[in-house]
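Chemist:
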Amino acid sequence: MRLQTFFYSAVLTTVTLFSGQAAAELKDYQLVTETYPPFNFQDGSELKGISIDMLIAASNKAGLGIQRSSIQLWPWARGYEVLLNEPKTMLFSTTRTPKRDPLFKWAGPITDTKISLIAKKGSGITLSSAADFSSPNIAVVRDDVAEGLVLDAGATKGNLDLNSKPESAMRKLQAGRVDLWAYEENVAFWMINNAGFDTSNFEVVHVLKEGELFYALHKSTPDEVVDSLQNALDALSDQERESILSQYR
Numbered sequence: 006m007r008l009q010t011f012f013y014s015a016v017l018t019t020v021t022l023f024s025g026q027a028a029a030e031l032k033d034y035q036l037v038t039e040t041y042p043p044f045n046f047q048d049g050s051e052l053k054g055i056s057i058d059m060l061i062a063a064s065n066k067a068g069l070g071i072q073r074s075s076i077q078l079w080p081w082a083r084g085y086e087v088l089l090n091e092p093k094t095m096l097f098s099t100t101r102t103p104k105r106d107p108l109f110k111w112a113g114p115i116t117d118t119k120i121s122l123i124a125k126k127g128s129g130i131t132l133s134s135a136a137d138f139s140s141p142n143i144a145v146v147r148d149d150v151a152e153g154l155v156l157d158a159g160a161t162k163g164n165l166d167l168n169s170k171p172e173s174a175m176r177k178l179q180a181g182r183v184d185l186w187a188y189e190e191n192v193a194f195w196m197i198n199n200a201g202f203d204t205s206n207f208e209v210v211h212v213l214k215e216g217e218l219f220y221a222l223h224k225s226t227p228d229e230v231v232d233s234l235q236n237a238l239d240a241l242s243d244q245e246r247e248s249i250l251s252q253y254r
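Going letter by letter, the sequence shown gives residues 6 to 254 in the working numbering.
#1: On the CB-based measure, 16 or more other CB atoms within 10 Å of its CB, does P171 come out buried or exposed?
#2: What residues in its chain sit with their C-beta under 6 Å from that of R246, if we drop five residues either side in the sequence?
#3: Enumerate in chain order the residues of its own chain whose CB-to-CB distance from Q77 is below 6 Å, with the five nearest sequence positions on each side excluded.
#4: Determine the extent of the alpha helix (DSSP H) in which S233 is found, giving its start and end residues.
#5: Is there contact here, the segment 196-213 with the segment 105-115, by at least three beta-carbon pairs under 8 Å?
#6: Do V192 and Y41 have their C-beta atoms within less than 7 Å of each other?
#7: Going by DSSP in three states, E217 sits in which element: helix, strand or coil?
#8: Mind checking A237: buried by the 16 CB within 10 Å criterion, or exposed?
#9: Buried or exposed: which applies to G54, given that a residue is buried once 16 or more other Cβ atoms fall within 10 Å of its Cβ?
#10: How many Å lie between P43 and T94 at the Cα?
#11: Unbroken alpha helix (DSSP H) runs of length 4 or more, entirely within the segment 154-231: which are they?
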C-alpha cells in the first residue's frame, strides 16, 4: 500500500512540475498580434480586444503568467513571417484553414469569423463564377487569409492590390481606387466606422469563408506548451467568455 501511495504521489508531482514548466515556457514566448478590431487593437496605450482579453483571462485563471504588456503589435505580414520561421512565437488572431493547419500548432477557438468581399454600395459587382474574380481590382492585406481565399476563388495576382496594413486597403476602397476589399467582415465594418465613414455606403457582395479564429504557435512548440494554453482557455466558463464578447458588440 505504501509503495502504491508513493507511486501515485510521484506521478502527481511529475505531472504538476511538467505542467508548471510548460506554463513558464509559454509566458516567455514572443506574443504577436495585429490591428484587427474588435479581436485585437490598440486603445491609447493599452492593447485590447476579444482575443487579447480572452488570453489574459485564461492566463490569470490558470496561472500562465502572460502579461498584456508583453504582447507586441505588428503588421500582419511581419508577424506571419516570424511565426513561420522563429520558434517560441505565437500569433493571433489567426484564421485556421486546411492550408495553414499543418504549418502551425493551434489553441482555441477564440470565436467565429467571416471573410468577405466588400464593395461600395451600388457597385453592381456580382461574383458567381471563378471568371468573375479575375476582373475587379481587389485590395488584400499581404499574407492575410483573404489573399489566399480570393486566389483560390479565381482571382489572379495581377488583379490583387497588396497592402501591408488593412487601413490602406480600406481607404483605397473608400476613395474608389479599388473595386473590392477582401477582409474579415466584422473587422472591416468596425474600421470603416471608426475612420468616420458611413458604413451604410458599403456592402458585402460575397462571403469567401466562415470559420474560427485561433492562437497559432510555431510548429516546433512542444505539445505540452500548447496543451497548457488550450487547458487554460477551456477552463473559461461560458459566462466568462460571454462577458468578454459582450464588451465588443
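C-beta atoms are modelled at their ideal positions from N, C-alpha and C, and glycine is treated no differently. Source: prediction; values computed, not measured.
Modeler: According to the structure shown:
#1: Looking at its Cβ environment, which holds 16 or more other Cβ atoms inside 10 Å, P171 is buried.
#2: Once the five neighbours on either side are set aside, R246 has no close Cβ partner at all.
#3: The residues are V37.
#4: Taken as a continuous stretch (DSSP letters only), the alpha helix (DSSP H) holding S233 covers D228 to D239.
#5: The segment 196-213 makes no contact with the segment 105-115; the number of CB pairs closer than 8 Å stays below 3.
#6: In this structure, V192 places its C-beta atom within 7 Å of the C-beta atom of Y41.
#7: Residue state, collapsed to three classes: strand.
#8: Around the beta carbon of A237, 16 or more other beta carbons sit within 10 angstroms, so the residue counts as buried.
#9: Buried is the call here.
#10: Rounded to whole angstroms, P43 to T94 spans 22 Å at the Cα level.
#11: Listed in chain order, the complete alpha helix (DSSP H) runs (minimum 4 residues) inside the segment 154-231 are 171-180 and 190-199.
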